[in-house]
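Okay, so here's the structure we're looking at.
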Amino acid sequence: MDFIDQEHDLLTNITMDIYIYLMLFNKFYSGKTVRSISVTLSNIEDDVNQQLSLFEVDNEKRRKLGFVMDGIRNKYGSKAILRAFSYTTAGTALHRAGITSGHKS
Numbered sequence: 001m002d003f004i005d006q007e008h009d010l011l012t013n014i015t016m017d018i019y020i021y022l023m024l025f026n027k028f029y030s031g032k033t034v035r036s037i038s039v040t041l042s043n044i045e046d047d048v049n050q051q052l053s054l055f056e057v058d059n060e061k062r063r064k065l066g067f068v069m070d071g072i073r074n075k076y077g078s079k080a081i082l083r084a085f086s087y088t089t090a091g092t093a094l095h096r097a098g099i100t101s102g103h104k105s
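Take the sequence shown: its position 26, counting from 1, is numbered 26 in the working numbering, and each next residue is one higher.
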C-alpha cells in the first residue's frame, strides 16, 4: 500500500493550529489520487478545561483572535474577514463563500 498513516494528538481550538495538518498533507502528497482523508474530533471539552503548557506562548492571544474573527464572520458574513492566502489563486474561501451545499447561492 502506498499511504502514510499518521496520528497526532493536537488539543486545540485555535484555527491556525489546525493548518498544521494541511501542511502535513502538502508535505506527503505525491500528486496521486487520494481515496480518503480523515479528521476525527473526540473527547470534545469546553476550553475552560484546557491543559496548560509551559512551552506554548501566545495561545491566549491566538485563541482570542479566533473568537474575534468568528464574531466578525457571524455578524457580517463569511467573506467579511479572510486570511491573505484566500486572495491568492490557490485560495478557495472566496469561491466557497458564495456556495451553499455545492450550489451557487
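All C-beta atoms in this analysis are idealised placements derived from N, C-alpha and C, irrespective of residue type, glycine included.
Item	Value
To which residues of the same chain is threonine 15 closer than 6 angstroms at the C-beta, ignoring the five residues directly before and after it?	Gly66
Excluding the 5 residues preceding and the 5 following isoleucine 81 in the sequence, name in chain order all residues of the same chain whose CB lies nearer than 7 angstroms to its CB.	Met69, Ile72, Arg73
Would you kindly work out how many angstroms separate the C-alpha atoms of aspartate 46 and lysine 79, rounded to a whole number?	27 angstroms
Would you kindly report the start and end of the unbroken alpha helix (DSSP H) that includes phenylalanine 28?	15–28
Could you tell me the alpha carbon to alpha carbon distance between aspartate 58 and lysine 64, rounded to whole angstroms?	10 angstroms
State the Cα-Cα distance for the pair asparagine 26 and isoleucine 20, rounded to the nearest angstrom.	10 angstroms
Aspartate 2 to leucine 41, Cα distance in whole Å?	Unreliable positioning characterises aspartate 2 in this predicted model, as indicated by a pLDDT of 44, which lies under 50. The coordinate reading is nonetheless provided below. Cα to Cα, the separation comes out at about 25 angstroms.
Specify the secondary structure class of methionine 1 as computed by DSSP and reduced to three states.	With a pLDDT of only 40 at methionine 1, under the threshold of 50, the placement of this residue in the model should not be trusted; the figure read from the coordinates follows. Three-state DSSP puts methionine 1 in coil, outside helix and strand.
Just the C-alpha distance for isoleucine 37 and tyrosine 29, rounded to the nearest angstrom, thanks.	11 angstroms
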